[in-house]
Amino acid sequence: MELLETQDPEKKRLIEASQRHKQELEREVKAMSDKTEKAVKNALIIGGALAITYLVVSQLGSSKKKKNKVKAKAAVQNTEPDFEPAPAYSPPSFISQIGERLVSQATVILLDIAKDKLAEYLSNRKQKHEDS
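Structure (structure tokens):
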């Protein structure tokens with residue numbers, strides 16, 4: 012049967028065209044799957060960065076709240092009912108100031124990376140829709 016198909020030039024041309032189209036489709040599917048994989052990885056990186064930032068900020072914020080609650084509870088237990096002393100102001104320590112600055116800088120850097128990745132993802136998505 013193949014002998015008859017190869018002898019007819021029209022069938023031979025159609026079979027070759029079919030093979031070329033098949034290879035082109037396979038190449039396009041592979042390219043799309045690679046782009047999708049890259050987009051998913053970027054989304055996971057962005058999500059992870061945001062989650063880590065949230066956890067760091069919430070942990071640092073909650074430790075201050077806990078300390079303040081413990082101090083307030085101790086002050087309430089130690090005071091007489093008729094007299095409440097004014098809360099004493101203590102400036103933040105040097106180490107806590109450094110920690111706050113580090114956290115804020117890390118947050119800015121992570122958000123900048125997330126912004127760049129999101130812009131890259133959106134531009135790739137826009138190009139994909141324009142190509143379609």
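The sequence shown lines up with residues 12 to 143 when you count with our numbering. Backbone N, C-alpha and C define an ideal beta-carbon position, used for all residues, glycine too. Remember, it's a predicted structure, so these values are computed and weren't measured experimentally.
> Excluding the five sequence neighbours on either side, which residues of its own chain have a C-beta within less than 6 Å of the C-beta of Lys128, listed in chain order?
Replying inline: Reading the sequence shown from its first residue, position 117 is the one you call residue 128. Contacts found: Asn53 and Ile57.
> In terms of residues, what are the limits of the alpha helix (DSSP H) holding Ser107?
Replying inline: On the sequence shown, residue 107 is found 96 positions in, with the first residue counted as 1. Start and end: Phe105 to Asp142.
> Since Val114 and Val67 are thought to touch, with beta carbons under 8 Å apart, how far apart are those beta carbons, to the nearest angstrom?
Replying inline: Residue mapping note: residue 114 aligns to position 103 of the sequence shown, counting from 1. Residue mapping note: residue 67 aligns to position 56 of the sequence shown, counting from 1. Right, the Cβ-Cβ distance comes to about 6 Å (below 8 Å), so this counts as a contact.
>> Buried or exposed, going by whether 16 or more other CB atoms sit within 10 Å of the CB of Met12?
In response: Taking the sequence shown and counting its residues from 1, the one referred to as residue 12 is at position 1. For Met12, the pLDDT reaches just 47, beneath the cut-off of 50, and the residue's location in the model is therefore unreliable, although a value from the coordinates is still provided. Exposed is the call here.
> Which residue from Asn135, Thr64 and Gln108 puts its Cα closest to that of Lys49?
Replying inline: For the purposes of this step, residue 49 is identified with residue 38 of the sequence shown, where counting begins at 1. Comparing Cα-Cα distances from Lys49 to each of Asn135, Thr64 and Gln108, the minimum goes to Asn135.
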